[in-house]
Structure formats: structure tokens, C-alpha cells
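Q:
2 protein chains.
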Amino acid sequence: MSYLDKITSPTLLLDETICRANIQRMADKAARHNMKLVPHFKTAQSHEIGNWAKDYGITEVTASSIKMAEYLSGQGWANIHIAFPFNPLEIHLLDQIAKNQSVSVQLINAETTQILADGLKNKVGFFIEIDAGYGRTGVEVSDFGLIEEILLVAKKSETLQFKGFYLHPGHTYYMPDIPAIYEQSRNALSMLKNKYSTEYPNLVTRIGDTPGCAVMEDFGDIDEMGPGNFVFYDLMQAELGGCEKEDIAVCLAVPVVDIKKDRKEILIHGGGVHLAKDVLIDKNGVKNFGEVVYLNQNGWSVPENRSFLKSISQEHGIIKASDELMAKVKVGDILGIIPVHSCMTADAMGEYMTLDGKKVDHAEGRAQ
Amino acid sequence: MSYLDKITSPTLLLDETICRANIQRMADKAARHNMKLVPHFKTAQSHEIGNWAKDYGITEVTASSIKMAEYLSGQGWANIHIAFPFNPLEIHLLDQIAKNQSVSVQLINAETTQILADGLKNKVGFFIEIDAGYGRTGVEVSDFGLIEEILLVAKKSETLQFKGFYLHPGHTYYMPDIPAIYEQSRNALSMLKNKYSTEYPNLVTRIGDTPGCAVMEDFGDIDEMGPGNFVFYDLMQAELGGCEKEDIAVCLAVPVVDIKKDRKEILIHGGGVHLAKDVLIDKNGVKNFGEVVYLNQNGWSVPENRSFLKSISQEHGIIKASDELMAKVKVGDILGIIPVHSCMTADAMGEYMTLDGKKVDHAEGRAQ
Chain A
1 MSYLDKITSP TLLLDETICR ANIQRMADKA ARHNMKLVPH FKTAQSHEIG NWAKDYGITE
61 VTASSIKMAE YLSGQGWANI HIAFPFNPLE IHLLDQIAKN QSVSVQLINA ETTQILADGL
121 KNKVGFFIEI DAGYGRTGVE VSDFGLIEEI LLVAKKSETL QFKGFYLHPG HTYYMPDIPA
181 IYEQSRNALS MLKNKYSTEY PNLVTRIGDT PGCAVMEDFG DIDEMGPGNF VFYDLMQAEL
241 GGCEKEDIAV CLAVPVVDIK KDRKEILIHG GGVHLAKDVL IDKNGVKNFG EVVYLNQNGW
301 SVPENRSFLK SISQEHGIIK ASDELMAKVK VGDILGIIPV HSCMTADAMG EYMTLDGKKV
361 DHAEGRAQ
Chain B
1 MSYLDKITSP TLLLDETICR ANIQRMADKA ARHNMKLVPH FKTAQSHEIG NWAKDYGITE
61 VTASSIKMAE YLSGQGWANI HIAFPFNPLE IHLLDQIAKN QSVSVQLINA ETTQILADGL
121 KNKVGFFIEI DAGYGRTGVE VSDFGLIEEI LLVAKKSETL QFKGFYLHPG HTYYMPDIPA
181 IYEQSRNALS MLKNKYSTEY PNLVTRIGDT PGCAVMEDFG DIDEMGPGNF VFYDLMQAEL
241 GGCEKEDIAV CLAVPVVDIK KDRKEILIHG GGVHLAKDVL IDKNGVKNFG EVVYLNQNGW
301 SVPENRSFLK SISQEHGIIK ASDELMAKVK VGDILGIIPV HSCMTADAMG EYMTLDGKKV
361 DHAEGRAQ
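Line by line, the protein sequences give chains A and B. Position 285 of the first sequence, counted from 1, bears residue number 285 in my numbering, the numbering being contiguous throughout. Position 257 of the second sequence, counted from 1, bears residue number 257 in my numbering, the numbering being contiguous throughout.
Written as C-alpha cells, this is what we have:
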């Protein structure tokens, strides 16, 4: 019985072979640059995929919330880093996780550092997050006053342990010049390492985004890389040049419920609650919420002529179909949709199905 | 102990008083127009909120997927309508639900009608969905050939029972002239009722969108209204004029994790996985992913000077803050965010907390 026979409603498919190849390629790249790869598991959020990653020498992972860290804990990770400015209201849960699991957090202000210094009973590592121009979060790279205020508070604590500097150049997602962003990021981290390594000889620097880690070959003296999306990739990464569409390891299997021949449109059960609502908009203003792949017994193939989701609502999706697809599609068929943003699609679906029909866990899943 | 003391991470708050007032107001309006209100529960997706609705004479509800219908079944509803073009791969699950629960589906093509006619063992009602210009889904209003083909297939079946015509004028969400859309919709449904009521004397017509049901006072001879969003409302509905911001019954409580005084920005734990990524864009191109309300022991208040979420990623949100908010906010505070699209936010969160700290169920919840 094929995995296809098990699908009656929107189902997130995961191609283990593609996923493992993506992990291997990034692990090889990190090794080539003498860096440690600490994948950001906000994308996969899975014990099973974590076990695959361990086959390629991965020993630590990153989470984006304490809830996710809690899910990933106790699975043999040497450390789980929570790459989100720590929320002081969650100190008790952090302390509880830290009893049995090496864990680190991200700090960007003195208030939260003080609360942790005063309240933690168990040892917790921390990175200082640096903002090198992205403007979302972090201490500005030249704000040595704030960096030293955080370090000073931590130094008086017996539980808080400084690990180094973390930088997520998220502007690689929407600014074309990745090499320039990376030059700035490398310089920022290198300057900080030189400035503080006398006092903290073991400090490390880590850089976090998938577009940069995928396309760059110059990481300077950065010690660690923490991309997340690369385990699956998606259409956004393909557009940024970090992968081919054939490298995308997940697709949403969707039932065809109606066909409008005159408009060359296909109505599917598959909308915002399945894919999330991330969108690519081309230079003519045409929206793309995902692209069609053809499912077969062994997985899927990317067609030469593109068909894409032109609009979605809560449960509906409308495909603008190629002539090739229109010629063969029938009501009751199942198509594949490769997502624009795989992290959000996986989070919305909360579960995967492999090509041999097995379920793979996700932190948001209902069935743990 | 206040509900506020229970919050340490993003939590969807539900104000029962506002929610009940919204239901009552729409129930009164339906009664005034001699229409039956059949709320679309894709918004609330909840047994508990269903029980509140029953206090206002609601006896039937609508779901947007068979999974949601399955969740809502067995709760004493006189009928559950699945307002989505039926997916023939789900016939077995439909038949199973129909054993113990009166249920109806939506049909828009002869293929699926035939599959149901051939395969169903239990009685299932159906509406024919009509497209009166929206172009998302449905039989074109003038396509009598297709309408009669569907009716003919159903007539030969002992299980399929024709209930009437359903029309969702979803273009009221993005086209300014709701009265014109409603005139077209009323005329379409009235014409169909006249044409087919001799043969089907019990057929009913139903119209489905919240913007129209909220602002219109002329429903012609339409028998039923099926809005969904009105139980909570949201910023999109406020912008369309269907409600005031004070009528919005849900808000996401979010922890403040950092403050950038110079930029007047507040970093919160609250992003796309909590709010979903629906966005309002003003005429200057400024994006708004949600607006700040001030939480207090009894609920929340809408400030005079607006603070809003200018950007979100998977877990992060950045608030562009008013001077008033900047003057009082601290790291570790909890703010409220009223969502742009409450249906998607509720689906992402999968659970509510009332203002007395009780949990309210949602179909996507982890804890049922």
C-alpha cells in the first residue's frame, strides 16, 4: 500500500532522503569551514528528525521558545539553546528544564539578566544577541556599555554562564546583497571576540540565518553556524538562491475538490490553516502561496511548467494551473504544494508523513 | 488570583461578556429580519462557545472541514453544515458522522455528487454553493445546466437530500461597495428560489459573510444567515465598519521581552505562530499585524493613541509604541494584542483563557 492511499485530507509529506541530504550538505559545509553546526529546530521541531541529524555529527540544537526547548529536552542533546530574548515570566520553567538538561538562553538587556541572576537555582548558559543592522532584536554592536552591564550582572551570579555572541542577520531574507551583510556580520562578531576573549577565553560566536549559511563561503573567524530552514528549505529559499526546488524536503498533499476549465483554476482543500499565509509577490504583483508538484509512489517531481496557488483563505486554495496540469487533473486527485515558508507550514500542520506512510512527530502535534 | 497571574507565555484571552453580546446582537438582527442564524463555527471551533450560542436560540452550526464537523458532532446540534466543496476522499468519514449526527455538505459539481450518491449509506443534506461574482468557489448563478445536473444525480439517490442554495460573498472583505454586492447576491438567491421552489418547496437560501451580515439591513427573501467571524470580530471587521474595536472579544496576551527607547519599539513574544500572518496595510504602505490593548483585572481597554505590531516573524513581534505606552511599559509586562483576523489567531492558538482564568476548548487544541 502506497503512502498515497492513506491520504484523504491535507497532509504534510516529508521526504527523508532529501531532508538527510540537506543536513549532510550543511554539516559538510560547516566541517569544511571548521565551524560547529547547531541547527535551529524551530523548523523541524521533531525528535525523529533530531535523530536523523545526530547521524551527521549534530550534538546541539536551538529552539525559539521555552515550550519548544521543553519538548526537545531529554533527547540526548548536549545543549539546547533558546534563541529568543529571554522572557522573565518563564524563569521557573527554565529552572525546571535546567535541572536535567544543559540549556542556554539569549540576553539583550540588564533587567532580565538581573532577574535570572537573582532567581535561578540551576546553571544556565547565555549568549548576548547582537544586532548588526537588522533592527529586530539584540544589543547594538557598538553598545559596549550594555554588553558590559549584562556581563557584570552575570559575573556576580553562580548560575549564569556567558557562552558568547549570537547574531541573526535576518535581513538576508529581504535584502539582495548577502555578501555585504555577511562582511558586516563577520566584522562585528570578530571585533567582539577580540575585545572580550582575554576575559572569556572560551567564548564563541554564532551566526544564524539559512540564506547566508547556504550561499556564503567566507565565515571569517565565526565559530558556529545556526541555520534552521535548511533541513527542509522552501520556495523563499529557492528564490534567494540557497537551494533548488528539488531540494525542498516537505510538501503539502492536498485533495482536488473542483476544477474550473475556462479559468484554468483548480480548487483544493488547503489554505491558511495548513500552509500559513506567507507569500511571494513577483515584480508584477502576482501572489504565490505555494507551487504544485506531482506526487508519485516514490515522492514527487517538480513540473517544468509552473502551476501555483494564486490565493488562499482559511481552508480554500485556488491553483492557477498550467495546460499540462489542466489536461490531466481530476476531482478527487491529490496534488503536492511546496510551501513558501516551510517552518510556518510545519508549525501549522503539527505532524509529518514520510513516503513510507509513517508519522513523524512535531512539537505542535496533537498526538504526543 | 487574577487571570493575569496565570500568564507567562502568549495566551489567547476571551472576554465572554463581549462574545455573548456579539452573538445576541446578531441573533436579534436575524430575528428582526425573520431569518435563521446558523453561525459558521470556523471562527470559534468550540463546544463551550457553542453552549453560549445555544442561550440565544442557535440550534445549528457550520464547519469548514470534515475534521471540524467531527469535533462539533454529538453536542446536540440539530444540524452541522460543512460549508466547503465536498472532498470525495472523505466520504467514509462523512458517512460515519452521518450515522449519529444530522449533517449537510456543499456540492458544486456532478462528479462529487455522483460519488456521494453511489457511496453513502446514511442520509446527508446538501446545499449547492453559488458563485455570484466572487470567483473563489461555487456554481455560476446562471449555470442552470450544472445546477440541474447535480439535482438530477441527487434525485436518484436515497441518501442525498437537497436543502437549498448557499452563497458566500467573500468579496465584501476587499471591495468597498457591500450594498451593491448584496443586491447582486439577494437577486441571485431570489431568482434561484423562485425557479426551483415549485419542485423543492422546502428549499432555503443562505448567505454567509460577516461584513455583509453586520452592516446590511436589506436581506430580501433570503432565509438564513451564516456569518462566523462576528462571535469575536477583529481589526479587519472594524476596518470594514462591521464593529467597533471595543466589540472584539479576543486578544493575545503577550510578554514584553525588550524595549528600544530611542526607536519607540517594544519586542514581544508573539509572532506568526500565535497570531497568524494576516495583515492590514494602510494607504502609506504601513503594515499592521495587530493593535495593543491594555490589560487589567477585568479585561482590557482600547487606548486612545494607537500602538501596533509593525512586523512579526515566527515568534517575534515588534510594536511601534505610542508615547503613552512607552512611558509606562517595562520588561516583564504583559500587553494585549487584538488580532487582524481572529479566526486564524484562534486556529493558531488552539485554546482560549477566559477573564476568570478558565480554559475554553478549541477544535485544534492539544488537550481534548
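Cβ atoms here follow ideal geometry from the backbone N, Cα and C, with glycine treated the same way.
1) Give me the Cα-Cα distance between residue 114 of chain A and residue 154 of chain A, rounded to the nearest whole angstrom.
2) List the residues that DSSP assigns as beta-bridge partners of residue 311 of chain B.
3) With distances taken from CA atoms, which of A/157, A/73, A/226, A/345 is nearest residue 116 of chain A?
4) What are the uninterrupted segments assigned as beta strand (DSSP E) that are 3 or more residues long and contained completely in the stretch 232-285 of chain B, given in chain order?
5) Buried or exposed: residue 323 of chain A, going by 16 or more other Cβ atoms within 10 Å of its Cβ?
6) Leaving out five residues before and five after residue 366 of chain A in sequence, what residues of the same chain have Cβ atoms less than 7 Å from its Cβ?
7) Does chain A have any CB closer than 9 Å to the CB of residue 357 of chain B?
8) Taking 7 Å as the limit between beta carbons, can you name the residues of its chain near residue 368 of chain A, skipping five residues before and five after?
9) What does residue 15 of chain A pair with, by DSSP beta-bridge criteria?
10) Answer with buried or exposed for residue 73 of chain B, where buried requires no fewer than 16 other C-beta atoms within 10 angstroms of its C-beta.
11) At the level of alpha carbons, what is the spacing between residue 338 of chain A and residue 298 of chain A?
12) Between which two residues does the alpha helix (DSSP H) holding residue 49 of chain B run?
13) Looking at residue 167 of chain B and residue 132 of chain B, is the spacing between their C-beta atoms short of 9 Å?
14) Rounded to whole angstroms, what's the CA-CA distance from residue 47 of chain A to residue 265 of chain A? Just pull it up for me.
15) Can you tell me the Cα-Cα spacing of residue 75 of chain B and residue 357 of chain B, whole angstroms?
16) Counting only Cβ pairs nearer than 9 Å, list the residues of chain B close to residue 283 of chain A.
17) Can you name the residues of chain A whose CB is closer than 9 Å to the CB of residue 347 of chain B?
18) Excluding the 5 residues preceding and the 5 following residue 149 of chain B in the sequence, name in chain order all residues of the same chain whose CB lies nearer than 6 Å to its CB.
19) Restricting to Cα atoms, I'd like to know which of B/112, B/106, B/84, B/121 is closest to residue 97 of chain B.
20) DSSP state of residue 367 of chain A, grouped into three classes?
21) On the DSSP letters alone, give me the boundaries of the beta strand (DSSP E) that residue 350 of chain A sits inside.
22) Secondary structure at residue 224 of chain A, three-state DSSP: helix, strand or coil?
23) Could you have a look at residue 166 of chain A and say whether DSSP puts it in helix, strand or coil?
24) The beta strand (DSSP E) that contains residue 336 of chain B, what's its start and end?
25) How should residue 440 of chain A be labelled, buried or exposed, when 16 other C-beta atoms within 10 angstroms of its C-beta is the threshold for buried?
26) With three or more beta-carbon pairs closer than 8 Å as the criterion, would you say the stretch 214-228 of chain A touches the stretch 186-194 of chain A?
27) Just list the beta strand (DSSP E) runs in the stretch 142-224 of chain A, keeping only unbroken ones of 3 residues or longer that don't cross its boundaries, in chain order.
28) With a CB to CB cut of under 7 Å and the five nearest residues on each side skipped, what residues in its chain are close to residue 84 of chain A?
29) What do you get for residue 2 of chain A, buried or exposed, if any count of 16 or more other CB atoms within 10 angstroms of its CB means buried?
30) What residue does the alpha helix (DSSP H) around residue 71 of chain B start on, and which one ends it?
31) Report the residue from A/291, A/314, A/353, A/344 whose alpha carbon sits nearest the alpha carbon of residue 305 of chain A.
32) Using 8 Å as the Cβ pair cut-off and three pairs as the minimum, do the stretch 316-331 of chain A and the stretch 211-218 of chain A touch?
33) Using a Cβ cut-off of 9 Å (strictly closer), state whether residue 165 of chain B contacts chain A.
34) Of the residues B/123, B/35, B/77, B/243, which one's Cα is nearest the Cα of residue 21 of chain B?
35) With DSSP as the reference, label residue 3 of chain A as helix, strand or coil.
A: Put simply:
1) The sequence position of residue 114 of chain A within the first sequence is 114, counting from 1. The sequence position of residue 154 of chain A within the first sequence is 154, counting from 1. Straight-line measurement puts the Cα of residue 154 of chain A at about 8 Å from the Cα of residue 114 of chain A.
2) By one-based count along the second sequence, residue 311 of chain B stands at place 311. Partner(s): B/318.
3) To locate residue 116 of chain A, count along the first sequence from 1; it is residue 116. Considering only alpha carbons, the answer is A/157.
4) 250-260, 265-269
5) For the purposes of this step, residue 323 of chain A is taken as the residue at position 323 of the first sequence. Burial call: exposed.
6) For the purposes of this step, residue 366 of chain A is taken as the residue at position 366 of the first sequence. Interpretation of residue 366 of chain A is limited by its pLDDT of 48, a score under 50 that renders its predicted location unreliable; the figure taken from the coordinates is listed afterwards. Contacts found: 350.
7) Within the second sequence, the letter at position 357 stands for residue 357 of chain B. No, because no Cβ of chain A sits closer than 9 Å to the Cβ of residue 357 of chain B.
8) Counting from one through the first sequence, the residue named residue 368 of chain A turns up at place 368. Any answer about residue 368 of chain A is weak, because its pLDDT of 40 lies below 50 and its placement is not dependable; what the coordinates show is given next. Within the same chain, residue 368 of chain A has close Cβ partners 361.
9) Against the first sequence, residue 15 of chain A aligns to sequence position 15. Its beta-bridge partners do not exist; DSSP assigns none.
10) The residue labelled residue 73 of chain B in the question sits at position 73 within the second sequence. It is buried - the Cβ of residue 73 of chain B has at least 16 other Cβ atoms within 10 Å.
11) By one-based count along the first sequence, residue 338 of chain A stands at place 338. By one-based count along the first sequence, residue 298 of chain A stands at place 298. When rounded, the distance between both Cα atoms is 16 Å.
12) Numbered from 1 along the second sequence, position 49 holds the residue referred to as residue 49 of chain B. Run containing residue 49 of chain B: 47-54, per the alpha helix (DSSP H) assignment.
13) Here the question's residue 132 of chain B lines up with position 132 in the second sequence. Here the question's residue 167 of chain B lines up with position 167 in the second sequence. For residue 132 of chain B and residue 167 of chain B, yes; Cβs fall inside 9 Å.
14) The count along the first sequence starts at 1 and reaches residue 47 of chain A at position 47. The count along the first sequence starts at 1 and reaches residue 265 of chain A at position 265. Their Cα atoms are separated by approximately 39 Å.
15) In the second sequence, the residue the question calls residue 75 of chain B occupies position 75. In the second sequence, the residue the question calls residue 357 of chain B occupies position 357. If you take the alpha carbons of residue 75 of chain B and residue 357 of chain B, they lie about 24 Å apart.
16) To locate residue 283 of chain A, count along the first sequence from 1; it is residue 283. The contacting residues do not exist; residue 283 of chain A stays about 17 Å from chain B at best.
17) Reading the second sequence from its first residue, position 347 is the one you call residue 347 of chain B. The contacting residues are 272, 273, 314, 348.
18) By 1-based counting over the second sequence, the position of residue 149 of chain B is 149. Contacts found: 110.
19) Residue numbering aside, residue 97 of chain B sits at position 97 when the second sequence is read from its first letter. If we check each option's Cα against that of residue 97 of chain B, B/121 comes out closest.
20) As a working note, residue 367 of chain A is residue 367 in the first sequence. Low confidence applies here, because residue 367 of chain A scores a pLDDT of 44, under 50, leaving its location unreliable; read the following figure in that light. Of the three classes helix, strand and coil, the one that applies to residue 367 of chain A here is coil, per DSSP.
21) If you number the first sequence from 1, residue 350 of chain A lands on position 350. Counting along the chain, residue 350 of chain A sits inside no beta strand (DSSP E), nor does DSSP assign it H or E at all.
22) Counted from its first residue, the first sequence places residue 224 of chain A at position 224. Looking at residue 224 of chain A - three-state DSSP - the assignment turns out to be strand.
23) Walking along the first sequence from the start, residue 166 of chain A turns up at place 166. In the structure shown, the three-state DSSP call for residue 166 of chain A is strand.
24) In the second sequence, the residue the question calls residue 336 of chain B occupies position 336. Run containing residue 336 of chain B: 334-339, per the beta strand (DSSP E) assignment.
25) The structure shown does not extend to residue 440 of chain A, since chain A spans only 1 to 368, so no value can be given for it.
26) yes
27) 160-167, 204-207
28) Working through the first sequence from its first residue, we reach residue 84 of chain A at position 84. Around residue 84 of chain A: 64, 65, 106.
29) In the first sequence, residue 2 of chain A corresponds to position 2, counting from 1. Counting other Cβ atoms within 10 Å of its Cβ, residue 2 of chain A stays below 16 and is therefore classed as exposed.
30) Counted from its first residue, the second sequence places residue 71 of chain B at position 71. 66-72 is the span of the alpha helix (DSSP H), which, as asked, contains residue 71 of chain B.
31) As a first step, residue 305 of chain A is located in the first sequence; it is residue number 305 there, counting from the start. Taking only the C-alpha atoms, the option nearest residue 305 of chain A is A/291.
32) No, they do not touch.
33) Position 165 of the second sequence, counted from the first residue, corresponds to residue 165 of chain B. No, because no Cβ of chain A sits closer than 9 Å to the Cβ of residue 165 of chain B.
34) To locate residue 21 of chain B, count along the second sequence from 1; it is residue 21. Per the Cα distances, B/243.
35) Start at 1 with the first residue of the first sequence, and residue 3 of chain A comes out as number 3. Helix at residue 3 of chain A.
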